[in-house]
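Take a look at the structure set out below.
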Amino acid sequence: MTDTTEKSPPSSWHLSDIRELAHLLTLALPAVVQLTEAVHQAVLSGMGIKGRDEGKTAGITGLVYKGVHGAANTLGCGINHLLSRLPATPPPHQIPETPKRAALIATLNGVLGDKLVEHHNALATPMTLRYQGQLLDWQAMPKDLPREGRVLLMIHGLCMNDLQWQTEHQGKPVNHGEQVAAALGYLPLYLRYNSGLPIAQNGQQLALLLEQLLAHWPGELKEITIMGYSMGGLVARSACHHASEAGLSWPARLANLIFLGTPHHGAPLEHAGHWLEQLLPATAYSEPFVKLARLRSAGIKDLRHGKVTDAVARPDPAVPSQDPREPLPLPCGVNCYAIAATTAAKRNLLADRLIGDGLVPLRSALGQHREARHQLAFLPAHTLIVYRTSHMALLTSPQVGQQLLRWLRPLPT
1 MTDTTEKSPP SSWHLSDIRE LAHLLTLALP AVVQLTEAVH QAVLSGMGIK
51 GRDEGKTAGI TGLVYKGVHG AANTLGCGIN HLLSRLPATP PPHQIPETPK
101 RAALIATLNG VLGDKLVEHH NALATPMTLR YQGQLLDWQA MPKDLPREGR
151 VLLMIHGLCM NDLQWQTEHQ GKPVNHGEQV AAALGYLPLY LRYNSGLPIA
201 QNGQQLALLL EQLLAHWPGE LKEITIMGYS MGGLVARSAC HHASEAGLSW
251 PARLANLIFL GTPHHGAPLE HAGHWLEQLL PATAYSEPFV KLARLRSAGI
301 KDLRHGKVTD AVARPDPAVP SQDPREPLPL PCGVNCYAIA ATTAAKRNLL
351 ADRLIGDGLV PLRSALGQHR EARHQLAFLP AHTLIVYRTS HMALLTSPQV
401 GQQLLRWLRP LPT
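Numbering (this note's numbering), first residue to last: 1 to 413.
Take a look at the structure:
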């Protein structure tokens with residue numbers, strides 16, 4: 001008799017991953033109980049019932065919450081004790097990688113990446129350069145690297161990883177970077193990074209990493225072209241800024257910067273998160289939930305304005321809604337290209353300022369800003385708008401692939 005029971009697919013999480021996730025849970029449990037008690041006390045305060053301290057209930061209710069706090073701590077200790085008795089496992093970065101597991105970890109880093117680093121969680125993704133799916137090791141550089149290299153570096157977006165440049169369109173594999181590299185003689189490299197960290201921090205790390213690449217290249221690295229998708233474009237701009245400030249050498253080799261759906265001046269979803277954070281304290285009942293709104297990572301918060309440096313502009317009293325960032329122009333001497341998408345069939349005010357590709361408005365992706373000092377000077381011939389296309393669909397669009405080849409193909413001599 002044939003067993004027709006469907007078997008569940010194996011989990012993408014490894015025991016080492018579960019161990020680290022459990023550590024996160026033990027940190028979160030007391031915070032959840034504390035949040036619940038704060039909401040409860042807010043309700044009681046509205047009825048004129050005072051608590052012990054701010055956010056703490058009193059009387060029998062306080063004793064109940066004290067017991068719940070104790071139970072949560074006991075549960076956390078029990079989880080940690082159980083984990084300590086499990087067999088030793090390799091650290092997460094030594095576990096054989098699958099695309100699904102890599103995607104899950106990338107999402108976790110995008111949402112909580114700064115918290116993972118703060119608590120020394122092994123699931124925090126370190127910044128690395130990757131070649132042919134492997135970490136680029138300075139001590140054992142690949143033998144097939146050309147002595148006179150022309151590198152195309154691809155930088156992924158928020159909650160993503162380098163493997164997600166590989167996608168499909170109408171059943172056929174698509175990777176814009178690999179196609180450009182194969183057609184024009186570039187060597188494709190990929191960046192993997194923790195997209196939950198501040199963009200300026202990732203930019204500084206990338207600047208130093210590219211300087212190491214230049215120093216360890218087996219020959220002469222003649223040209224660097226960077227293609228950044230979404231947040232990746234902001235990381236690239238930040239890296240150029242930090243390299244210039246530090247007097248690094250690699251920007252002299254930087255020939256092209258390509259931005260795919262990059263929110264140069266912010267993304268509405270993070271604006272919504274910021275508004276939520278500002279509006280929630282309006283009532284005593286909702287004030288405890290501000291902590292939840294603030295849990296989103298520093299990288300996500302930086303998307304509110306497209307913040308690429310730590311510099312803050314001096315406020316002008318005459319401009320009440322002034323952009324708080326210090327202006328950062330496009331790097332000099334570099335061909336800069338911007339590709340924007342819109343789900344609309346044609347340009348209009350709503351599509352330009354709000355809808356855009358579903359995540360990034362057209363004006364933001366094109367570097368346009370109401371304040372002249374923040375305008376990014378893309379040449380008209382160096383911009384492309386792809387209609388009836390979403391943010392993610394930029395990675396599969398044939399129109400994008402064709403335009404990249406036209407822009408990067410050397411001019412006939």
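Just so you know, even glycine gets a beta-carbon here, dropped at the ideal spot from N, CA and C.
Values in this document were obtained by computation on a predicted structure and should not be read as measured data.
Counting only runs of 3+ residues fully inside the stretch 339-413, write out the beta strand (DSSP E) ranges in chain order.
Listed in chain order, the complete beta strand (DSSP E) runs (minimum 3 residues) inside the stretch 339-413 are 383-387.
Please confirm if Arg304 has its CB atom under 7 Å from at least one CB of chain D.
Checking the listed chains, one finds no chain D in this structure; it contains a single protein chain.
Would you tell me roughly how many angstroms separate the C-alpha atoms of Leu394 and Thr383, rounded to the nearest one?
One C-alpha to the other measures close to 14 Å.
Exposed or buried, what is Thr5 when buried is set at 16 or more other beta-carbons lying within 10 Å of its beta-carbon?
The predicted model places Thr5 with a pLDDT of 47, which falls under 50 and marks its position as unreliable; any figure quoted below should be read in that light. When all chains shown are included, Thr5 counts as exposed.
Can you give, in chain order, each stretch of the alpha helix (DSSP H) that sits fully within the stretch 167-191 and has at least 4 residues?
Listed in chain order, they are 176-184.
How is Gly149 classed by DSSP in three states: helix, strand or coil?
Strand at Gly149.
Rounded C-beta distance between Ile300 and Ala255? I'm assuming under 8 Å.
Rounded, the Cβ-Cβ distance is 31 Å, inconsistent with contact.
Suppose you measure from the CA of Val386 to the CA of Leu362; what does that come to, to the nearest Å?
Their backbone Cα atoms lie some 10 Å apart in a straight line.
Going by other Cβ atoms of all chains shown within 10 Å of its Cβ, with 16 needed for buried, is Gly333 buried or exposed?
Classification of Gly333: exposed, given that the 10 Å Cβ count is below 16.
Are Gly422 and Ser238 touching if we call contact CB-CB under 7 Å?
Outside the shown range of the chain (1 to 413) lies residue 422, about which nothing can therefore be said.
Out of Glu178, Asn348, Gln375, which one is the CA nearest neighbour of Glu326?
Taking only the C-alpha atoms, the option nearest Glu326 is Gln375.
Can you give me the Cβ contacts of Ala243 inside the same chain, cut-off strictly under 6 Å, excluding the 5 residues immediately before and after it?
Within the same chain, Ala243 has close Cβ partners Ala207, Pro251.
Using the DSSP secondary-structure output, state which residues sit across from Cys336 in a beta bridge.
Answer by DSSP bridge pairing, in chain order: Leu257.
When DSSP labels each residue in this structure, what does Met154 get in the three-state scheme?
Residue state, collapsed to three classes: strand.
Taking only three categories from DSSP, how would you classify Leu129?
It is a strand residue.
From the DSSP output, in three-state form, read off Leu163 for me.
Leu163 falls in the helix class under three-state DSSP.
Evaluate Arg388 with the Cβ neighbour count: other Cβ atoms within 10 Å of its Cβ, from every protein chain shown; 16 or more gives buried, anything less gives exposed.
Exposed: under 16 other Cβ atoms inside 10 Å.
Short of 8 Å in beta carbon distance, which residues of its chain neighbour Arg130, apart from the five on each side in sequence? Order them along the chain.
Excluding sequence neighbours, Arg130 sits near Leu136, Asp162, Leu189, Tyr190, Leu191, Arg192.
Between which two residues does the beta strand (DSSP E) holding Lys222 run?
Taken as a continuous stretch (DSSP letters only), the beta strand (DSSP E) holding Lys222 covers 220-229.
Where does Leu135 sit, in a helix, a strand or coil, going by DSSP?
Correct three-state label for Leu135: strand.
Tell me the DSSP bridge mates of Arg296?
DSSP lists no partner for Arg296.
Put Arg325 into one of helix, strand or coil per three-state DSSP.
Here Arg325 sits in strand by DSSP.
If you follow the alpha helix (DSSP H) that Arg304 is in, where does it begin and where does it stop?
Taken as a continuous stretch (DSSP letters only), Arg304 belongs to no alpha helix (DSSP H), as it is neither H nor E.
Would you decide whether Gly203 is buried or exposed? Buried here means 16 or more other CB atoms lie within 10 Å of its CB.
With 16 or more Cβ atoms within 10 Å of its Cβ, Gly203 is classed as buried.
What does Val312 pair with, by DSSP beta-bridge criteria?
Partner(s): Arg325.
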